[in-house]
Amino acid sequence: AQTVTQSQPEMSVQEAETVTLSCTYDTSESDYYLFWYKQPPSRQMILVIRQEAYKQQNATENRFSVNFQKAAKSFSLKISDSQLGDAAMYFCAYHTSGTYKYIFGTGTRLKVLA
Amino acid sequence: GAVVSQHPSRVICKSGTSVKIECRSLDFQATTMFWYRQFPKKSLMLMATSNEGSKATYEQGVEKDKFLINHASLTLSTLTVTSAHPEDSSFYICSARTGGLSPLHFGNGTRLTVT
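Residue numbers (our numbering), protein chains in the order written: chain H, 1 to 114; chain D, 115 to 229.
Rendered as C-alpha cells:
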C-alpha cells in the first residue's frame with residue numbers, strides 16, 4: 001500500500017531564511033504525482049507545488065522548490081526567503097494516474113519567526 | 115480559475131438533527147468530487163468520492179447512511195450529516211479536479227459543531 005510520511009511534526013525558521021520540509025513515500029508504482037499543499041490558519045488548502053514522477057527536473061515555483069529523489073522515494077520542499085505568510089501546515093501528498101485517491105502525509109507545522 | 119466554493123463555512127447544530135454542506139465548482143465542471151474530514155491537528159481523511167449521476171463511493175469505515183452524498187449536477191455535490199452527534203463535530207473539506215490528472219482544488223471547508 002502507498003504511504004506518505006512526514007517525519008517533522010513542527011519546524012521553525014527565521015524570517016528571510018531557508019527551510020526544508022521532508023517527505024518520504026512508499027509505492028510500487030512508476031507513474032505518479034507528488035504535491036505539497038499549504039493549509040494556513042484559514043484552513044483553506046492551497047496547492048504549493050507539483051512534481052510528476054517521470055520528470056527528472058525538480059519543480060520550482062518562485063521561492064518554493066522541491067528535491068525529488070525518485071530512487072530514495074523522497075520529496076522535500078525548500079522554502080527560500082521565508083516570509084511570515086508562509087506560516088502554515090504543510091501536507092505532502094501522493095497520487096497515481098491509475099486511481100482517484102490522494103494520500104496525504106500527517107503534515108508539518110511551519111512557524112516563521114520575525 | 116478552478117475555484118471550489120463550500121457552504122456554510124461554520125455550522126452549529128443540535129444532536130439528532132441533520133446538516134447539509136454544499137460544494138460547488140464555480141468555473142469548471144467536476145464529474146468527481148471528494149469529501150474529506152480533518153480532525154484537529156491531523157491530516158485529511160478521505161471519506162467518499164462523489165460521482166455525478168451515480169452513487170458515491172465510500173471509504174472503509176465511513177457510514178454511508180450517516181454521511182449522505184448527492185452529486186446531482188456537474189457543479190454541485192452535497193454532504194448531509196444525518197442524525198448528527200457530538201462525535202461528528204469536525205472540519206469537512208470538499209475538493210475537485212478540473213481533469214483526470216490535474217491537482218485537487220479544495221473548498222474552504224466547513225466547521226461542524228454538534229451540541
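Note that beta-carbon positions come from the ideal geometry of N, C-alpha and C, so glycine has one too.
- Per DSSP, the continuous beta strand (DSSP E) segment holding Asn67(H) begins and ends at Phe64 to Gln69.
- Residue pairing by DSSP places Asp26(H) opposite Thr3(H) in a beta bridge.
- Here the region 119-138 of chain D makes contact with the region 193-201 of chain D; the two share three or more CB pairs at distances below 8 angstroms.
- Apart from sequence neighbours up to five positions away, the residues of its chain that approach Arg63(H) with a beta-carbon distance below 7 angstroms are Ile79, Ser80 and Asp81, ordered along the chain.
- Taking C-alpha positions only, Arg124(D) is separated from Arg225(D) by approximately 5 angstroms.
- Residue-level contact check: Ser139(D) does not touch chain H, since none of the beta carbons of chain H fall below 8 angstroms from its beta carbon.
- Between the region 96-109 of chain H and the region 26-38 of chain H, the count of Cβ pairs shorter than 8 angstroms is three or higher; the stretches touch.
- Annotated three-state conformation of Glu201(D) is helix, per DSSP.
- Here DSSP, grouped into helix, strand and coil, assigns Leu190(D) to strand.
- Boundaries of the beta strand (DSSP E) harbouring Glu10(H): Glu10 to Gln14, taken from the DSSP string.
- The alpha-carbon separation between Asp202(D) and Thr108(H) amounts to approximately 25 angstroms.
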